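Visitor:
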Amino acid sequence: MAPSANTTSTTDHFSAFTLGGKKDPVQLKHRVVMAPLTRLRTGEAGTPTDLVAQYYSQRISDGGLIITEATNISATARGYFGAPGLFEQDQIKGWEPVTKAIHDKGGKVFVQLIHTGRVGHPLNQPNEKLPVSSSATSMENVKSHAVTREGRKDYVTPRALNIDEIPGIIADYKHAAENAIAAGFDGVEIHAANGYLLEEFLCDSVNKRTDKTRRRARPTAMS
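Just so you know, we're using the UniProt record's numbering here: the sequence shown kicks off at 1 and counts up by one.
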């Protein structure tokens with residue numbers, strides 16, 4: 001018999017949950033998760049401070065999960081001045097008090113890893129080079145601004161990645177994930193939405209490549 005119109009299915013948000021597969025799953029005491037929220041509190045170096053540890057410690061509960069703000073996988077991944085990183089030893093050391101503060105309260109913490117792609121700006125890049133993307137597709141019609149050390153700036157047209165540069169980006173994700181383990185994180189989340197690098201390869205309004213990386217692009221209204 002088909003369910004009636006008023007039939008509902010509910011989940012107890014305060015029941016225990018096992019996150020992950022058979023190998024080293026994360027055990028949560030409830031299902032309330034703090035989603036990533038960009039704070040931009042780590043300055044030029046991208047190294048978390050005591051304030052970052054305090055911020056997350058205030059928001060964790062016993063058996064809960066926090067997913068951190070978007071964290072850069074490399075120096076060239078940075079799109080926002082003040083965003084943290086996980087590609088240098090000082091950054092790993094900066095994250096260690098954060099993960100410890102969360103664990104001390106019985107919580108779990110994942111880091112969200114990101115490459116911002118064309119959302120970057122030369123002022124945020126090493127040697128003030130152009131940010132990279134799947135293609136040299138402009139963001140002129142995007143009603144937003146890059147956040148740099150000199151304040152808000154208009155976006156620039158990015159440089160298209162050469163196909164032989166892509167394995168290096170993949171390696172940067174791997175390196176950052178390994179650094180996350182070293183810093184005490186319980187897991188990672190890959191940011192693949194909101195117009196950043198990974199989605200720039202998936203969206204056919206941005207990805208104008210003619211090589212094999214174009215094949216998986218999908219129709220989208222993103223411009």
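Here a beta-carbon is modelled for each residue, glycine too, at the ideal position from N, C-alpha and C. Keep in mind the model is a prediction, meaning the values are calculated, not measured.
Strictly by DSSP, which residues pair up with A16?
Guide: Your numbering for residue 16 matches position 16 in the sequence shown. According to DSSP, A16 bridges with nothing at all.
Visitor: Roughly how many whole angstroms lie between the Cα atoms of M139 and T157?
Guide: Here the question's residue 139 lines up with position 139 in the sequence shown. Here the question's residue 157 lines up with position 157 in the sequence shown. Each residue's alpha carbon lies about 7 angstroms from the other.
Visitor: Reducing DSSP to helix, strand and coil, say where I60 ends up.
Guide: Numbered from 1 along the sequence shown, position 60 holds the residue referred to as residue 60. I60: coil per DSSP, three-state reduction.
Visitor: Report the residue from W95, K212, E199 whose alpha carbon sits nearest the alpha carbon of Y54.
Guide: For the purposes of this step, residue 54 is identified with residue 54 of the sequence shown, where counting begins at 1. First, the amino acid is wrong: residue 54 is Gln here, not Tyr. Ranking the options by Cα distance to Q54, first place goes to W95.
Visitor: For the region 109-119 against the region 63-74, are there 3 or more C-beta pairs whose distance is under 8 angstroms?
Guide: Yes, since at least three Cβ pairs between the region 109-119 and the region 63-74 fall closer than 8 angstroms, the two stretches touch.
Visitor: Look at V52 and T42 and say whether their C-beta atoms are less than 8 angstroms apart.
Guide: Mapped onto the sequence shown, residue 52 falls at position 52. Mapped onto the sequence shown, residue 42 falls at position 42. Yes, they are a contact pair.
Visitor: Given R31, which residues of its chain have a CB within under 6 angstroms of its CB, disregarding the five upstream and five downstream residues?
Guide: Within the sequence shown, residue 31 is the residue found at index 31, counting from 1. Cβ within range, chain order: H13, F17.
Visitor: Threshold first: 4 residues or longer. Then list the alpha helix (DSSP H) segments lying entirely within the region 89-175, N to C.
Guide: Counting whole runs of 4 or more residues, the region 89-175 contains the alpha helix (DSSP H) stretches 89-104.
Visitor: Take A160 and list the residues in its own chain whose beta-carbon comes closer than 6 angstroms to its own, dropping the five residues that flank it on each side.
Guide: As a first step, residue 160 is located in the sequence shown; it is residue number 160 there, counting from the start. The answer, listed in chain order, is S135, A136.
Visitor: Please classify Y80: does DSSP put it in a helix, a strand, or coil?
Guide: Mapped onto the sequence shown, residue 80 falls at position 80. Residue state, collapsed to three classes: strand.
Visitor: With three or more C-beta pairs closer than 8 angstroms as the rule, is the region 100-110 touching the region 183-197?
Guide: Taking 8 angstroms as the limit for Cβ pairs, the verdict is that the region 100-110 does touch the region 183-197.
Visitor: Where does I67 fall in DSSP's three states?
Guide: For this step, residue 67 is matched to residue 67 along the sequence shown. If DSSP states are grouped into helix, strand and coil, I67 belongs with the strands.
Visitor: Could you pull the start and end residues of the beta strand (DSSP E) that E189 belongs to?
Guide: Position 189 of the sequence shown, counted from the first residue, corresponds to residue 189. First-last of the beta strand (DSSP E) with E189: 187-190.
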